[in-house]
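**Q** Dropping a structure here in structure tokens format, bear with me for questions.
Protein chains: 2
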Amino acid sequence: MNNDLQIGQIPLFEGLPQENLDDLSSISVKRDYKRGNIIFTEGEPGNGFYVMISGQVKIFKLSPDGKEQILHLFGPGEPFGEVPVFEGRPFPAHSVAMTDGTALFFPRTAFIELIKRNPSLALNMLGVLSRRLRRFTVLVDNLSLKEVPARLASHLLYLSDLKGNSDQFELEIPKNQLAGMLGTIPETLSRILGKMVKGGLIEMQGSLVRIADRDVLKELASGLKRLT
Amino acid sequence: MNNDLQIGQIPLFEGLPQENLDDLSSISVKRDYKRGNIIFTEGEPGNGFYVMISGQVKIFKLSPDGKEQILHLFGPGEPFGEVPVFEGRPFPAHSVAMTDGTALFFPRTAFIELIKRNPSLALNMLGVLSRRLRRFTVLVDNLSLKEVPARLASHLLYLSDLKGNSDQFELEIPKNQLAGMLGTIPETLSRILGKMVKGGLIEMQGSLVRIADRDVLKELASGLKRLT
DNA sequence: AATGGCCCTTGACTCAAGTCAAGAGAAGCG
DNA sequence: CGCTTCTCTTGACTTGAGTCAAGGGCCATT
Numbered sequence: 005m006n007n008d009l010q011i012g013q014i015p016l017f018e019g020l021p022q023e024n025l026d027d028l029s030s031i032s033v034k035r036d037y038k039r040g041n042i043i044f045t046e047g048e049p050g051n052g053f054y055v056m057i058s059g060q061v062k063i064f065k066l067s068p069d070g071k072e073q074i075l076h077l078f079g080p081g082e083p084f085g086e087v088p089v090f091e092g093r094p095f096p097a098h099s100v101a102m103t104d105g106t107a108l109f110f111p112r113t114a115f116i117e118l119i120k121r122n123p124s125l126a127l128n129m130l131g132v133l134s135r136r137l138r139r140f141t142v143l144v145d146n147l148s149l150k151e152v153p154a155r156l157a158s159h160l161l162y163l164s165d166l167k168g169n170s171d172q173f174e175l176e177i178p179k180n181q182l183a184g185m186l187g188t189i190p191e192t193l194s195r196i197l198g199k200m201v202k203g204g205l206i207e208m209q210g211s212l213v214r215i216a217d218r219d220v221l222k223e224l225a226s227g228l229k230r231l232t
Numbered sequence: 005m006n007n008d009l010q011i012g013q014i015p016l017f018e019g020l021p022q023e024n025l026d027d028l029s030s031i032s033v034k035r036d037y038k039r040g041n042i043i044f045t046e047g048e049p050g051n052g053f054y055v056m057i058s059g060q061v062k063i064f065k066l067s068p069d070g071k072e073q074i075l076h077l078f079g080p081g082e083p084f085g086e087v088p089v090f091e092g093r094p095f096p097a098h099s100v101a102m103t104d105g106t107a108l109f110f111p112r113t114a115f116i117e118l119i120k121r122n123p124s125l126a127l128n129m130l131g132v133l134s135r136r137l138r139r140f141t142v143l144v145d146n147l148s149l150k151e152v153p154a155r156l157a158s159h160l161l162y163l164s165d166l167k168g169n170s171d172q173f174e175l176e177i178p179k180n181q182l183a184g185m186l187g188t189i190p191e192t193l194s195r196i197l198g199k200m201v202k203g204g205l206i207e208m209q210g211s212l213v214r215i216a217d218r219d220v221l222k223e224l225a226s227g228l229k230r231l232t
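Protein sequence lines, in the order shown, are assigned to chains A and B.
Position one of the first sequence corresponds to residue 5 (my numbering), numbered consecutively onward.
Position one of the second sequence corresponds to residue 5 (my numbering), numbered consecutively onward.
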């Protein structure tokens, strides 16, 4: 049996007639990745984009001395690497597989032809890019206007929200990667998590987090309060 | 006589048949702004987007204690405020007029109808959003992985580039606003500009900059070198 | 010419977060 | 099973950049 995501289940392709799904299917190429594989590199020409089928990828920027800033983590059903498709310039960031997985690759020119013939595909794609722009405004806001404890608090609340506001959840990614998402380094993250535990805001066992004081966490996240 | 930008001269609408331009014209509403006017506010529902005709606007985030991070500065011909159009959620940031000016407002539903009937309008818009995503990756990279002197150096080189690599140019905006673009505060910007002048990298008179040592500036911008 | 309101700069100080270094677990591999 | 390798934590130190406070210059308006 095959558990893989089918092309019609991809949100980007929602609402398309079967005929278009067949077209998409016929232009797509399946690609498998092992954990750690480079999918594309910043500066490399982009001849198409990807949709994750299984596994997880990160999109990130790299500083000359090797520090990483993660821009996105994408899982099954999510498209990535679309910027060069519509802009014609190279990839603006790097992409590496976080786990073993599979993606569909859609070549640029064939995909653009499909878009020309199908306005709802265009609108779906506009929605995807718009959501991504919004996320970036949040990221910039965090990096520029908030301190690390506030970013971490927001992120924990976000994760909790993803699990239906459960008080308990897994981080899903290693802590050094989390540091890269929050624009900091593992040492700092570790210290701040330590303070949160001591302050009674959360409890931790490995990568399992339990929110102990949601209200204070919210105040921290909004910048009303500071972590002492 | 009328110096204003005509609708056909807006890059977003490039390549559209006259009929569509007329449609666009008929759904658009002209709005005038005075310097300092709020155009929209974060959290406000977005029922349409804007195209700048004359003047300049800034799009920015605000921290609880009033610090600003500028996300974009837009001038004549540039669209802004499109995210809610395709995503259906409120504006993700604030917008204020930097100078007196005029914008065209395009209501959401009418515009979406036009897009559905016109693939090249959709592709143009996809191009605009993609370019904007790329710019954000650069902004995030700067904020997270580079120090203020490096961000400033890149910005100066960017301004020089805009003027055909001229060694001399105006900042165009007040220095406190420049600080807000670079993710810092006026005091810090002032100090670093001071250091650059002392170090012989640039010369300054008011808001006029002359690049004196482009090579070192480039090394600074890339992070290879530090400002002492 | 004088007043008030920005804009910009400079100095002294503070502090959040990064660097460097060491070590403990945990996980993957031959 | 033992070895390497990676992840995570903790301590001591450094530092980039922010805060606070003061003052000078410039412009617009009266």
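Note that CB positions come from ideal geometry on N, CA and C, so glycine has one too.
Keep in mind that this is a model prediction, so the values were computed, not measured.
Tell me where the beta strand (DSSP E) around Arg214/A begins and ends.
**A** Leu212 to Ile215
**Q** On the DSSP bridge list, what partners appear for Phe44/A?
**A** Ser99/A
**Q** Which runs of the alpha helix (DSSP H) spanning at least 4 residues fall entirely within the region 168 to 232 of chain B, listed in chain order?
**A** 179 to 186, 190 to 202 and 218 to 226
**Q** Let me know if Arg37/B comes out buried or exposed under the rule of 16 or more other beta-carbons within 10 Å of its beta-carbon.
**A** Per the sequence shown, the amino acid found at residue 37/B is Tyr instead of Arg. Counting the other CB atoms within 10 Å of its CB gives Tyr37/B a total of 16 or more, which places it among the buried residues.
**Q** Any idea what DSSP makes of Pro318/A, helix, strand or coil?
**A** Given a span of 5 to 232 for chain A in the structure shown, any question on residue 318/A remains unanswerable.
**Q** If Gly79/B and Met56/B are in contact, beta carbons under 8 Å, what's the gap, nearest whole angstrom?
**A** 6 Å
**Q** Strictly under 7 Å for the Cβ-Cβ distance: is Gly81/B near chain A by that measure?
**A** no
**Q** Reducing DSSP to helix, strand and coil, say where Gln73/B ends up.
**A** The DSSP-derived three-state label of Gln73/B is strand.
**Q** According to DSSP, is Met5/B helix, strand or coil?
**A** Per-residue confidence for Met5/B stands at a pLDDT of 49, beneath the threshold of 50, marking its modelled position as unreliable; no derived number is given.
**Q** Report the three-state DSSP secondary structure of Lys38/A (helix, strand or coil).
**A** For Lys38/A, the three-state secondary structure derived from DSSP is coil.
**Q** Based on DSSP bridge pairs, tell me the residues matched to Gly105/B.
**A** Tyr37/B.
**Q** Counting C-beta neighbours from all protein chains within 10 Å, is the total for Arg155/B 16 or more, i.e. buried, or is it exposed?
**A** buried
**Q** Comparing alpha-carbon positions, which option in Phe17/B, Lys222/B, Pro111/B and Gln181/B lies nearest Tyr162/B?
**A** Lys222/B
**Q** If I follow the unbroken alpha helix (DSSP H) through Gly131/B, where does it start and stop?
**A** First-last of the alpha helix (DSSP H) with Gly131/B: Pro123 to Leu149.
**Q** So, for Gln13/A: in the same chain, excluding its five sequence neighbours on each side, which residues have a beta-carbon less than 6 Å away from its beta-carbon?
**A** No residues qualify anywhere along the chain.
**Q** Could you tell me the boundaries of the beta strand (DSSP E) in which Gln66/A lies?
**A** Looking at the sequence shown, residue 66/A is not Gln but Leu. First-last of the beta strand (DSSP E) with Leu66/A: Val61 to Leu66.
**Q** Near Arg136/B, what residues of its chain come up, given a Cβ to Cβ distance below 8 Å and the 5 sequence neighbours on each side ignored?
**A** Result list for Arg136/B: His76, in chain order.
**Q** Which partner residues of Gly52/B appear in the DSSP bridge assignment?
**A** Pro111/B
**Q** Quick one: is Val144/A near chain B, going by C-beta distance under 7 Å?
**A** yes
**Q** Given a limit of 9 Å on CB to CB distance, which residues of the region 88 to 117 of chain B reach chain A?
**A** So the list reads Pro88, Val89, Phe90, Glu91, Gly92, Arg93, Pro96, Ala97 and Ile116, given in the order they occur along the chain.
**Q** From which residue to which residue does the alpha helix (DSSP H) around Leu25/B run?
**A** Taken as a continuous stretch (DSSP letters only), the alpha helix (DSSP H) holding Leu25/B covers Gln22 to Ile31.
**Q** In angstroms with no decimal places, state the Cα-to-Cα distance between Leu16/A and Thr232/B.
**A** Their backbone Cα atoms lie some 50 Å apart in a straight line.
**Q** In its own chain, which residues sit with a C-beta less than 7 Å from the C-beta of Asn51/A, not counting the 5 before and 5 after it?
**A** Pro111 and Arg112
**Q** On the DSSP bridge assignment, give the partners of Pro83/B in chain order.
**A** Val55/B
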